[in-house]
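Trainee:
In the numbering used here, the protein residues as written are 7 to 416.
Here's what the structure looks like:
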């Protein structure tokens with residue numbers, strides 16, 4: 007599993023037949039060898055970092071024998087370069103190399119000889135995209151940052167949850183060391199291919215959404231339905247449950263939400279422990295997801311109550327996240343929603359009415375049904391019902407009129 011596999015996909019496919027370690031930075035190994043990562047801090051844009059020569063080089067690569075063996079297995083190469091040598095070999099300035107490494111989230115290792123041919127290749131690829139005019143330098147840094155942040159979380163999960171459980175010694179007397187190396191050796195190529203497959207699928211879906219945008223401006227600032235789902239009373243639970251129980255509850259909540267959002271055509275933006283943020287291209291999809299979440303959690307006695315807030319409007323998208331007033335409004339609606347209920351804003355309610363997913367009022371629905379019956383036609387079929395609530399001030403957004411949304415039978 008290598009970070010540079012996805013980085014290379016931003017501009018070119020990795021060479022066919024290359025080894026799994028041929029395109030990954032040094033910290034793609036186990037948690038035991040994270041200190042061998044190339045220079046870079048895990049947070050902050052390059053603009054707020056001091057020049058490379060002013061950085062305090064305090065992180066040294068590990069000399070643990072197992073960590074080194076695992077690193078060599080995963081990267082497919084031996085340590086060969088210091089950061090300065092790697093940058094010079096790649097034909098990249100030390101300043102730009104440091105920006106890329108920091109963006110990818112790699113720790114500063116000073117001038118220890120800990121880098122491989124893969125690190126040189128990664129620098130050449132990113133710098134080459136800039137030189138060819140395919141990416142601007144800030145965009146190349148964003149590519150590095152988004153890839154690093156995403157894969158860092160994935161690697162942490164796989165080590166802490168996945169490999170940790172699988173490397174339990176199967177027989178008395180065996181050490182974890184004796185089990186880990188052959189297991190990683192077997193899993194590495196399969197997991198790497200699976201990562202690239204999922205990334206390509208997600209890239210195809212994201213590209214399809216962009217090219218269907220009405221104009222260039224809509225590619226960045228789009229009209230979306232944004233929903234927050236929040237567990238009620240989670241803070242009290244943290245004081246009552248053991249850490250392991252709390253972890254299992256959060257994992258079950260996030261897994262359920264992720265599955266439901268994906269199954270019904272939405273996109274999971276991020277999870278925040280007791281809260282998830284999702285988006286959908288249309289109001290009907292977002293409404294269906296919200297009610298499915300409520301219904302599923304209500305049927306699970308181990309889960310606390312859930313509340314959902316949804317807003318519809320212009321949203322700015324950056325690096326897979328969403329920002330703007332619409333997102334803030336959805337968050338505020340969630341905080342005031344009753345338990346096991348969905349609150350939506352006026353724009354979202356109007357969109358449901360416009361698409362025929364909900365009547366403007368029950369009186370209008372009754373009139374439409376009576377007219378259809380008189381003409382011998384089928385009455386309109388609505389999926390959702392909307393009930394106006396009292397106007398109320400919402401911090402930072404003024405006075406809003408929320409609507410209580412529910413599933414409509416018949």
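Note that the Cβ used here is the ideal one computed from N, Cα and C, for glycine as well.
1. DSSP state of residue 380, grouped into three classes?
2. Just grab the DSSP bridge partners of residue 99 for me.
3. When the Cα of residue 119 is compared with those of 108, 84, 98, 110, which residue comes out closest?
4. State the start and end residues of the unbroken alpha helix (DSSP H) segment that holds residue 336.
5. Tell me whether residue 328 sits in a helix, a strand or coil according to DSSP, three-state version.
6. Do residue 259 and residue 280 come within 9 Å of each other at the CB atom, strictly closer than that value?
7. Taking the CB atoms as reference points, tell me whether residue 397 and residue 410 lie closer together than 9 Å.
8. Near residue 384, what residues of its chain come up, given a Cβ to Cβ distance below 8 Å and the 5 sequence neighbours on each side ignored?
9. Judging by CA-CA distance, which residue of 113, 133, 153 is the nearest neighbour of residue 102?
10. What separation, rounded to the nearest whole angstrom, lies between the Cα atoms of residue 386 and residue 359?
11. Over what stretch of residues does the alpha helix (DSSP H) that includes residue 303 continue unbroken?
12. Just the Cα atoms here: how many angstroms apart are residue 381 and residue 270?
13. Between the beta-carbon of residue 340 and the beta-carbon of residue 265, is there less than 9 Å?
14. Report the rounded CA-to-CA distance for residue 412 versus residue 391, giving the unit in angstroms.
15. What residue ranges within the stretch 176 to 209 form continuous alpha helix (DSSP H) runs of no fewer than 4 residues, ordered along the chain?
16. Between the stretch 95 to 115 and the stretch 146 to 160, do at least 3 Cβ pairs fall closer than 8 Å?
17. Please identify the residue among 184, 293, 351, 370 whose C-alpha is closest to the C-alpha of residue 399.
18. If you reduce the DSSP assignment to three classes, tell me which class residue 238 lands in.
19. State the beta-bridge partners of residue 411 as determined by DSSP.
20. Going by the beta-carbon positions, is the gap between residue 389 and residue 294 smaller than 9 Å?
21. Thinking C-beta only, is residue 144 closer than 9 Å to residue 115?
22. Give the single residue among 285, 373, 129, 198 whose Cα lies nearest to the Cα of residue 317.
23. Please tell me whether residue 239 and residue 310 are closer than 9 Å, where the distance is taken between their beta carbons.
24. Can you tell which of 338, 372, 356, 283 has its C-alpha closest to the C-alpha of residue 405?
25. Would residue 82 and residue 128 be called neighbours here (beta carbons separated by less than 9 Å)?
26. Leaving out five residues on either side along the sequence, give the residues of the same chain with a beta carbon under 7 Å from the beta carbon of residue 162.
Mentor: In this structure, then:
1. helix
2. Paired residue(s): none; residue 99 is not in a bridge.
3. Comparing Cα-Cα distances from residue 119 to each of 108, 84, 98, 110, the minimum goes to 84.
4. 331 to 342
5. Residue state, collapsed to three classes: strand.
6. yes
7. Residue 397 is not a Cβ neighbour of residue 410, given a cutoff of 9 Å.
8. 378
9. 133
10. Those two C-alpha atoms are separated by around 12 Å.
11. 289 to 305
12. 35 Å
13. Against a cut-off of 9 Å, the Cβ pair of residue 265 and residue 340 comes out as no contact.
14. 5 Å
15. none
16. yes
17. Just measuring C-alpha positions, the residue of 184, 293, 351, 370 sitting nearest residue 399 is 351.
18. coil
19. Among the bridge pairs identified by DSSP, residue 411 is matched with 348, 392.
20. yes
21. no
22. Out of 285, 373, 129, 198, 285 has the C-alpha closest to the C-alpha of residue 317.
23. yes
24. 338
25. no
26. none
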